[in-house]
Amino acid sequence: MSASWWIGLDGWVLQDGNDTDVAPGQRREFAVEFGYARHRRLRPAPDAAGTSCRWTGRDTTYEVTGRLLRASSSPRASDAFVLDIGPLQAYDTWMVLDDLQPPAAGAWLTGEVGLHVDHFAYMDHLATLPGMPPLIRTWTIEEVQLDTTPTIRVEYGHPLHVAPEGEGPMWVRDPSRESHETVDRTRTWDHDGGYRLRCTLEDDEPTSSMERSGPRSPYGPLS
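My numbering puts the sequence shown at residues 854 to 1076.
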């Protein structure tokens, strides 16, 4: 696949101070987390199916096949699942299959996932867990796009409703009207919503810490 990736960056990650504003031309270090829609959970794939990763043309969504390198006995925020999708390894803190059970390490899985900049869970504590592989990679930012997709109100039971059972209605982006606007950089307090970053994955070894770039703000640009 192309060396260019679309990786999401949620606005609240910037507002919480877990990242600094991003602009094209910067080199950044970050881990990647993946997520999936409740109505499109990952599915078992044949053993040794081989890793693959293809951008669907939608937002930061990729069609992937990969092997689960690490699993948790129960999905919870203090632990993580790590999926190897070939050029990249990414994590998620919550994963169940259609039987509502978490998959086991070594399982081959396939389906659609969204890729996002680590919201800092990996750097904060996941990197120190036993058996957790290094996930931080170096990226060159090529383009920053603001998510301008209109929102819609959905009730519990709607495929796009992601809150726990019993929660009331929520506002979500309408995938049928997806739109993005290229901007000169992220603006933490001026823009409503999130971003997607078109970036190139550098040919470096993954690491578990920021030590190679020296002291700096969390996930700020490399000096």
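In this text, a Cβ means the ideal position worked out from N, Cα and C, and glycines have one as well.
Residue pairing by DSSP places ARG1049 opposite GLY861 and GLN998 in a beta bridge. In this structure PRO1012 is in contact with ALA890, their Cβ atoms being roughly 7 Å apart against a cut-off of 8 Å. Its Cα nearest to that of MET985, the residue ASP937 stands out among ASP869, ASP937, THR873 and VAL875. Exposure of ARG907 is indicated by the presence of fewer than 16 other C-beta atoms within 10 angstroms of its C-beta. Residue nearest to LEU982 within the set ASP1000, GLY959, VAL935 and TRP859 is VAL935 (criterion: CA-CA distance). Counting only runs that start and end inside the stretch 860 to 889, the beta strand (DSSP E) elements of at least 3 residues fall at 880 to 883 and 885 to 888.
Beta-bridge annotation (DSSP): MET976 is not paired with any residue. If you draw a straight line from the Cα of TYR1048 to the Cα of GLU1034, it comes to about 9 Å.
DSSP lists ARG920 and GLN942 as the bridge partner or partners of ASP937.
The three-state reading of DSSP puts ARG893 in helix, counting H, G and I together.
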